[in-house]
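Under my numbering, the sequence shown has 98 at position 33, and the numbering climbs by one with no breaks.
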Amino acid sequence: METITRKTTLAPLVLLFTLAGLLLLSGCARYARTVNTLYEPTANVRGGSGEIYIVIEESRQTNSPDIKWVLGKVKDDDNNVIDEVFSPSSQAEIVQTAFGQEFKRAGYTVIATTKRPGAEQRVLDLTKVEIELDQISDFADLNAKCRVLVGVDLFKNGQQIKRLQYEATSSKTDIKDRDMLARSVLEDALQSIMQKAMPELHSLFNQ
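Right, here's the structure in full:
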């Protein structure tokens, strides 16, 4: 009877550890290592026309599918770094794409480039881009935090007309859809930047 009692007592514990192992293997208690952004425009700007050149440094352009850019770190609940967060696009390319989507939606023709064009063009030069995307992963849940900082120079008719900087943050905690959480906070921060920037940029380019 003693042996049977011990087995009965241990059975729930064995089942618990088995289920925990299955959750880890299935990815339910994991996190996103690679973040692919599919940006959705959100700024309420319309009535644009003509060309807008959006410029990033050539060194921030991805020239090979084998290149991965580090956006941030993954830590456990003891604050130990256990991994990194990667993107197939550089921080500058991510912001360049987001601005491109917003300007297209507003009615402009967008040219994404690494070189400033001639003097007659309207140019948005992304002079500074920082994206910090960190995750804290434990057995119970996942927390993701994102900070985006963007510095821009505006040129019109060959003259610099403005230098601006925008910053936004986003943070979320979830127990499911963990592979989407990092992408979600990144998109939220980008959309916050665009909601601040687009009305001002649209106005300046059309003065």
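Note that the Cβ used here is the ideal one computed from N, Cα and C, for glycine as well. Quantities reported herein were computed from a predicted structural model and do not represent experimental measurements.
Along the chain, where does the alpha helix (DSSP H) containing residue i start, and where does it finish?
{"i": "Q166", "result": "Q156 to A171"}
{"i": "Q272", "result": "Run containing Q272: none; DSSP gives neither H nor E here."}
If you follow the beta strand (DSSP E) that residue i is in, where does it begin and where does it stop?
{"i": "E185", "result": "Careful: E185 lies outside any beta strand (DSSP E) and carries neither H nor E."}
{"i": "Y118", "result": "E116 to V120"}
{"i": "S152", "result": "V146 to S152"}
{"i": "K133", "result": "Careful: K133 lies outside any beta strand (DSSP E) and carries neither H nor E."}
Judging by CA-CA distance, which residue of the options is the nearest neighbour of residue i?
{"i": "N144", "options": "S202, E122 and R98", "result": "S202"}
{"i": "F270", "options": "K237, K261, T99 and I226", "result": "I226"}
{"i": "E185", "options": "A209, D199, E116 and M259", "result": "E116"}
{"i": "Q230", "options": "K241, P106 and A262", "result": "A262"}
{"i": "Q161", "options": "L136, K133, K241 and D190", "result": "D190"}
{"i": "A209", "options": "P130, S124 and L136", "result": "L136"}
{"i": "P153", "options": "T102, R212, A177 and D199", "result": "T102"}
{"i": "V150", "options": "W134, D142 and V217", "result": "W134"}
{"i": "D142", "options": "C211, S124, D199 and S114", "result": "D199"}
{"i": "Q224", "options": "G183, D148 and P106", "result": "G183"}
{"i": "R228", "options": "P264, R98 and D218", "result": "D218"}
{"i": "D253", "options": "K221, D244 and C211", "result": "C211"}
{"i": "M259", "options": "N222, V215 and S155", "result": "V215"}
{"i": "N222", "options": "S155, N128, D148 and Q272", "result": "Q272"}
{"i": "N128", "options": "R111, S155, F204 and S236", "result": "S155"}
When you compare the CB of residue i with every CB in chain C, is at least one pair closer than 7 Å?
{"i": "R248", "result": "In the displayed structure, chain C is absent; only one protein chain is listed."}
Rounded to the nearest angstrom, how far is the Cβ of residue i from that of residue j, given a contact under 8 Å?
{"i": "V194", "j": "A171", "result": "Contact doesn't hold; Cβ gap of about 21 Å is too wide."}
{"i": "Y104", "j": "A163", "result": "5 Å"}
{"i": "A108", "j": "E197", "result": "About 23 Å; that fails the 8 Å criterion."}
{"i": "Y96", "j": "V139", "result": "6 Å"}
{"i": "A233", "j": "S268", "result": "With 8 Å as the limit, A233 and S268 do not qualify as a contact, their Cβ atoms being about 20 Å apart."}
{"i": "V100", "j": "R243", "result": "At roughly 12 Å, the Cβ-Cβ gap does not stay under 8 Å, so V100 and R243 are not in contact."}
{"i": "L255", "j": "V213", "result": "6 Å"}
Considering only residues of the same chain and omitting the five flanking positions on each side of residue i, which have a CB-CB separation below 6 Å?
{"i": "K169", "result": "V175"}
{"i": "Q126", "result": "T179"}
{"i": "N220", "result": "Here residue 220 turns out to be Phe, not Asn, going by the sequence shown. If we look at F220 and ignore the five residues flanking it on each side, its Cβ neighbours are V188."}
{"i": "P106", "result": "Q166, E167 and R170"}
{"i": "S57", "result": "Residue 57 is absent from the structure shown; the chain starts at 66 and stops at 272."}
{"i": "S236", "result": "K210"}
Leaving out the 5 sequence neighbours to the left and right, which residues in its chain are closer than 7 Å to residue i when beta-carbon positions are compared?
{"i": "I58", "result": "Residue 58 lies beyond the stretch modelled for the chain, which goes from 66 to 272, so this question has no answer here."}
Sorted by chain position, which residues of the same chain lie with C-beta nearer than 8 Å to residue i's C-beta, five sequence neighbours on each side aside?
{"i": "P130", "result": "P153"}
{"i": "E123", "result": "T179 and K180"}
{"i": "E265", "result": "L229"}
{"i": "D148", "result": "Y96, R98, K138 and V139"}
Return yes when the C-beta of residue i is under 6 Å from any heavy atom of the ligand SAM, and no when it is not.
{"i": "S152", "result": "For the structure depicted, the ligand SAM is absent and the ligand set is empty, with no information on it obtainable."}
Contained beta strand (DSSP E) runs [length at least 3] in the segment 170 to 253, N- to C-terminal order:
If we require 3 residues or more, the beta strand (DSSP E) runs fully inside the segment 170 to 253 come out as 174 to 178, 187 to 202, 207 to 221 and 224 to 239.
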